[in-house]
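Engineer: Pasting a structure here, questions to come.
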Amino acid sequence: MVQRAYRIDAIDRLRAEQLRSAPLEDRVRRIDRIELAISDLDAANHYAVDRIVKTIGCGGWVPRDRDKAPGADLIHDLRLLVEDLSDSVDLPASAVGEQVLTVEDLARQFNVSTKTIARWREAGLVSRRLVFDGRKRVGFLRSSVDRFVRANRDRVERGAKFRQMTDTERRELVAEARRVAADEGLDLNAVARRLTDRTGRTAETIRQTLRQHAEAHPDEQPFDGEGAVLAARQREQIEADFRAGIAVEKLADRYGRSKTTIYRIATEVRYERIRALALESIPNPRFARKGADAACLGEMPVAETPPRRVSRPTDLPAYLAALYDSPLLTREQEQHLFRQYNYLKFKAAKLRATLDAARPKAVTMDEIEALHERAVEVKNQIARANLRLVVSLAKKRMGPTQSFFELVSDGNVSLMKAIEKFDFARGNKFSTYATWAIVKNYARSIPNEYKHQDRFRTSTDELFASAEEHRANPLAHEAAQADREHKIRRILRRLDEREQQIVISRFGLDHNREPLTLKEVGAQMGVTKERVRQIEVRALDKLRVAAAEERVQLDF
1 MVQRAYRIDA IDRLRAEQLR SAPLEDRVRR IDRIELAISD LDAANHYAVD
51 RIVKTIGCGG WVPRDRDKAP GADLIHDLRL LVEDLSDSVD LPASAVGEQV
101 LTVEDLARQF NVSTKTIARW REAGLVSRRL VFDGRKRVGF LRSSVDRFVR
151 ANRDRVERGA KFRQMTDTER RELVAEARRV AADEGLDLNA VARRLTDRTG
201 RTAETIRQTL RQHAEAHPDE QPFDGEGAVL AARQREQIEA DFRAGIAVEK
251 LADRYGRSKT TIYRIATEVR YERIRALALE SIPNPRFARK GADAACLGEM
301 PVAETPPRRV SRPTDLPAYL AALYDSPLLT REQEQHLFRQ YNYLKFKAAK
351 LRATLDAARP KAVTMDEIEA LHERAVEVKN QIARANLRLV VSLAKKRMGP
401 TQSFFELVSD GNVSLMKAIE KFDFARGNKF STYATWAIVK NYARSIPNEY
451 KHQDRFRTST DELFASAEEH RANPLAHEAA QADREHKIRR ILRRLDEREQ
501 QIVISRFGLD HNREPLTLKE VGAQMGVTKE RVRQIEVRAL DKLRVAAAEE
551 RVQLDF
């Protein structure tokens, strides 16, 4: 599309002056002078605008400023001035007195596309607005075309040599575009850019060819941004990046998608995450009553008497002993927190039920996520106040072959499940219910072994000897592991996003995930396993260099 905005203010004012006061006959004569002036300009030079206007001879009107303008801008604006003046006189093409060619005529004559003709107009090919069979269209005088060809012979020859694609070439281009889209998860625009170097065609030519093929073959899968399906992991990463504040334009370029598609993917992934939130609550009639917010979400009651301080056991690691710093909850405080926890989930679930899967409202999703975050905070507060109960029960059940830390871990899982299922409205203390749940879990996990130990236990000394802890210092182990992870994250930054994803998936660097096969990674990313292998080899070579520079010992 030819740019219609004037670049030089003085030429734009000249246009307005001519259209306002110049007679039609003067405008017609002036068009020829302007075209001759264009042919004398060099795009690489600068010219005084007032002198150019005097050369054209515009009825004595001359701009007051004496600024110079680039030749390219003058050529552009004077060409537009020719079109605007010719448009104002409604001159029939047959009255010009020489051959007039349309855009299509020129394209056929030089064996180029209409896009190429548009680029020639930007480079200085003068066109006029003339009447063809009662309809106004762009036309080119034969003398104007010849003048442009003489001044731009290399450009014209280059365009003429660039022949139109044959049907076979078009089919091959479409097949190659589909393969690239399927292997690399790219949309139409990204595929066109990728194939530019391979085919020698412009990206616009490739896009136009693919669109024309889609229109001519409506039964085939449409070739657009949705034709190349993004892997679930990529969709999740797009939503995470969007949530982190990365610009939509940058994400669109990174993933080869339009900005609209990025917004849609972010919304869909967020909606799916909200649908998966655990919002089941213990029902209570109070939640549906008027004023439930004030009753359930108010301030936690203050204990009438200070809570009894519990002394720290002397045989616990420091990070477990720190649990005893959290104050115990009174019955009223406990009921308040459980009421609040379940009401927050009840309210979030009620809002979630109103979401439209096709067009979920961002405001509603914001509120649901805020309610869920508050519920998680309340749950953590309840858990912190009761973690010492888990430690106490684990100490009582530790046997010769049981690991104290494993018992605490199992007990913590039971505690979190008990928080979800506890009905505060029954009036019981949560510690009673939690003790029953934790002990019941221990009874399932170590019943037979515990009975066997009771039968064959001989002395207290033997019991303590057999229960000796042989593991390494857990704090030192955690510190070493954190240091290793920090170094790995640092050198992983040397890789691009796709290489990082493959290395993390192939070697199980994600927490709580097993390493995946080439085929599984390829299925996630939407590419072949051979392509995954190639990228993995390239990424490992980069990592070895990075590891050597950072003095990190890696074993791949």
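According to the UniProt record's numbering, the sequence shown is numbered sequentially starting from 1. Glycine included, every Cβ here is placed at the ideal spot set by N, Cα and C.
So, at 8 Å on beta carbons, what are the nonlocal neighbours of Lys529 in its own chain, with the 5 sequence-adjacent residues on each side left out?
Structural biologist: Thr517, Leu518, Lys519, Val521 and Gly522.
Engineer: DSSP puts Phe132 in a beta bridge; with which residues?
Structural biologist: Per DSSP, Arg135.
Engineer: Give me the DSSP bridge partner(s) of Phe140.
Structural biologist: Note: Phe140 sits in a beta bridge opposite Leu101.
Engineer: Would you identify the three-state DSSP class for Ala228, choosing helix, strand or coil?
Structural biologist: Residue confidence is low: Ala228 scores 48 on pLDDT, short of 50, so the model does not pin down where it sits. Its coordinate-derived value is still stated next. The answer is coil: DSSP assigns Ala228 none of H, G, I, E or B.
Engineer: Measure from the alpha carbon of Lys361 to the alpha carbon of each residue in Ile382, Leu91, Thr267 and Pro400, then state which is nearest.
Structural biologist: For Lys361, the nearest C-alpha among the options comes from Thr267.
Engineer: Report the residue ranges of all alpha helix (DSSP H) runs contained in full by the UniProt domain "RNA polymerase sigma-70" (517–543); include only those spanning at least 4 residues, in chain order.
Structural biologist: Complete alpha helix (DSSP H) runs here, min 4: 518–525.
Engineer: Starting from the Cα of Glu25, find the closest Cα among Ser88, Pro327 and Val145 and give me that residue.
Structural biologist: Comparing Cα-Cα distances from Glu25 to each of Ser88, Pro327 and Val145, the minimum goes to Ser88.
Engineer: For the beta strand (DSSP E) containing Ala69, list its first residue and its last residue.
Structural biologist: Here the beta strand (DSSP E) through Ala69 covers Lys68 to Pro70.
Engineer: For Pro92, name the three-state secondary structure that DSSP assigns.
Structural biologist: Reduced to three states, the DSSP call for Pro92 is strand.
Engineer: Enumerate, from N- to C-terminal direction, the unbroken alpha helix (DSSP H) stretches of 4 or more residues contained entirely within the region 5–92.
Structural biologist: Counting only runs of 4 or more, we get 9–21, 24–39, 49–56 and 71–89.
Engineer: Just to confirm my understanding: we take Arg494, look at its own chain, exclude 5 residues before and 5 after, and list those with CB closer than 6 Å. What are they?
Structural biologist: These residues qualify, in order along the chain: Lys542 and Ala546.
Engineer: Find out if the Cβ-Cβ distance for the pair Val269, Glu239 is shorter than 8 Å.
Structural biologist: Against a cut-off of 8 Å, the Cβ pair of Glu239 and Val269 comes out as a contact.
Engineer: Quick check on the burial criterion: 16 or more other C-beta atoms within 10 angstroms. Buried or exposed for Pro285?
Structural biologist: So Pro285 counts as exposed.
Engineer: Keeping to the same chain, check which residues put their C-beta closer than 7 Å to that of Leu407; ignore five residues upstream and five downstream.
Structural biologist: Cβ within range, chain order: Ala394, Arg397 and Met398.
Engineer: Output needed for Thr460: all residues of its chain with C-beta closer than 7 Å, excluding positions within five of it in sequence on either side, in chain order.
Structural biologist: Here Thr460 scores only 43 on pLDDT, less than 50, and its place in the model is too uncertain to base an answer on.
Engineer: Return helix, strand or coil for Met398, following the three-state DSSP convention.
Structural biologist: Coil.
Engineer: Looking at Tyr47 and Leu91, is the spacing between their C-beta atoms short of 8 Å?
Structural biologist: Their beta carbons are not under 8 Å apart, which means Leu91 does not touch Tyr47 by this criterion.
Engineer: Alpha helix (DSSP H) containing Lys250: first to last residue?
Structural biologist: Element bounds for Lys250: Val248 to Tyr255.
Engineer: What separation, rounded to the nearest whole angstrom, lies between the Cα atoms of Ile265 and Ala232?
Structural biologist: Cα-Cα distance, rounded: 10 Å.
Engineer: Can you name, in chain order, every residue of its own chain whose Cβ lies under 7 Å from the Cβ of Gly508, other than the five neighbours on each side?
Structural biologist: Excluding residues within five positions, the ones whose Cβ falls inside 7 Å are Glu514 and Pro515.
Engineer: Determine the DSSP secondary structure at Met365, reduced to helix, strand or coil.
Structural biologist: Reduced to three states, the DSSP call for Met365 is helix.
Engineer: Within this structure, are the beta carbons of Asn441 and Asp410 separated by less than 8 Å?
Structural biologist: Closer than 8 Å, so yes.
Engineer: Using DSSP with H/G/I as helix, E/B as strand and the rest coil, what is Leu279?
Structural biologist: Coil.
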